[in-house]
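Novice:
Numbering (the working numbering), first residue to last: 16 to 299.
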């Protein structure tokens with residue numbers, strides 16, 4: 016049999032649809048998907064199955080590791096990890112590759128990068144905007160949390176306390192009386208500043224940070240294994256966590272305890288109490 020197929024060679028490829036090191040997210044109306052493609056970010060039209068945009072920088076060689084959408088629906092934060100071929104000599108291992116993490120803010124309208132944040136020593140693994148989109152929190156494999164001023168384009172402060180990779184972040188805002196009345200008929204719209212940051216990590220810990228004092232005010236050993244993700248209810252009264260131990264746990268946020276603790280001694284004050292709701296098989 017004549018092997019005629021040997022006369023043909025591949026001419027081009029379709030490119031990468033999505034890479035595995037990062038999450039993919041929807042835009043606001045759910046019609047478009049923003050997906051990682053190694054060092055680029057690709058925007059896909061889900062109905063047509065076509066690529067409508069690509070966020071690319073010719074000088075960027077770092078791989079995408081995390082994507083988050085701003086409340087203004089225009090800016091998107093993208094975390095990266097850069098592996099340097101440079102070799103660092105040491106007695107234990109003379110060939111140790113160096114890597115660090117950066118964050119870029121991309122405009123959905125223009126597909127251009129407006130600012131780059133550098134501060135992490137390893138891959139960026141979690142990103143979250145506050146409700147106004149003026150602050151961005153980032154977590155990394157280096158176990159640090161950094162809060163960035165998006166408008167001023169500077170880092171505000173670094174928070175340390177976790178012992179392993181950060182997996183999820185969320186800005187908490189204390190509900191007001193107006194919010195309670197509004198939530199009865201519509202979605203909650205708060206006007207207060209998000210002064211608390213919630214973080215989870217592979218070290219099994221769920222931590223609450225007071226951004227006013229820049230200290231951790233509550234630490235919970237939430238699971239027996241790594242915490243992979245959590246989410247917060249719309250009224251910010253319940254937190255649901257999940258991890259490698261195959262359990263899902265619900266936590267109640269006691270904002271009254273927070274209000275009652277104001278003005279007390281810092282050493283004994285509990286800014287917030289989270290009470291675990293027991294979840295038993297067979298219950299509603």
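Quick reminder that beta carbons are idealized off the backbone N, C-alpha and C, glycines included. Since we're looking at a predicted model, the values are computed, not measured.
Taking only three categories from DSSP, how would you classify residue 197?
Specialist: Only weak support exists for where residue 197 lies, its pLDDT of 45 falling under 50; the value from the coordinates is given anyway. Three-state DSSP puts residue 197 in a helix.
Novice: Tell me whether the stretch 119-131 and the stretch 140-150 touch, counting them as touching only if at least three CB pairs, one residue from each stretch, are closer than 8 Å.
Specialist: no
Novice: Do residue 163 and residue 151 have their C-beta atoms closer together than 7 Å?
Specialist: Yes, the pair counts as a contact, with Cβ atoms nearer than the cut-off.
Novice: For residue 148 and residue 24, I'd like the C-alpha separation in whole angstroms.
Specialist: 49 Å
Novice: From residue 182 to residue 56, what distance separates their C-alpha atoms?
Specialist: 21 Å
Novice: What three-state label does DSSP hand residue 21 in the structure shown?
Specialist: When DSSP states are grouped into helix, strand and coil, residue 21 belongs to the helix group.
Novice: For a cutoff of 7 Å on Cβ pairs, would you count residue 129 as touching chain B?
Specialist: The structure shown contains no chain B, having only a single protein chain.
Novice: In whole angstroms, give me the CA-to-CA distance for residue 168 and residue 118.
Specialist: 11 Å
Novice: Quick check: residue 37 and residue 67, are their CB atoms within less than 7 Å of each other?
Specialist: no
Novice: Beta-carbon within less than 6 Å of residue 260's beta-carbon, same chain only, minus the 5 sequence neighbours each way: which residues are those?
Specialist: 238, 239 and 240
Novice: Hey, how far is the Cα of residue 232 from the Cα of residue 52?
Specialist: 38 Å
Novice: For the beta strand (DSSP E) that contains residue 123, what are its first and last residues?
Specialist: Taken as a continuous stretch (DSSP letters only), residue 123 belongs to no beta strand (DSSP E), as it is neither H nor E.
Novice: Whole-angstrom Cβ separation of residue 216 and residue 179, contact assumed at under 8 Å?
Specialist: That belief holds up - the Cβ atoms of residue 216 and residue 179 are roughly 5 Å apart, short of 8 Å.
Novice: Using three-state DSSP, classify residue 271 as helix, strand or coil.
Specialist: In the structure shown, residue 271 adopts helical secondary structure according to DSSP, grouped into three states.
Novice: Keeping to the same chain, check which residues put their C-beta closer than 6 Å to that of residue 247; ignore five residues upstream and five downstream.
Specialist: 185 and 254
Novice: Just to confirm the assignment, what range does the beta strand (DSSP E) spanning residue 51 have?
Specialist: 47-52
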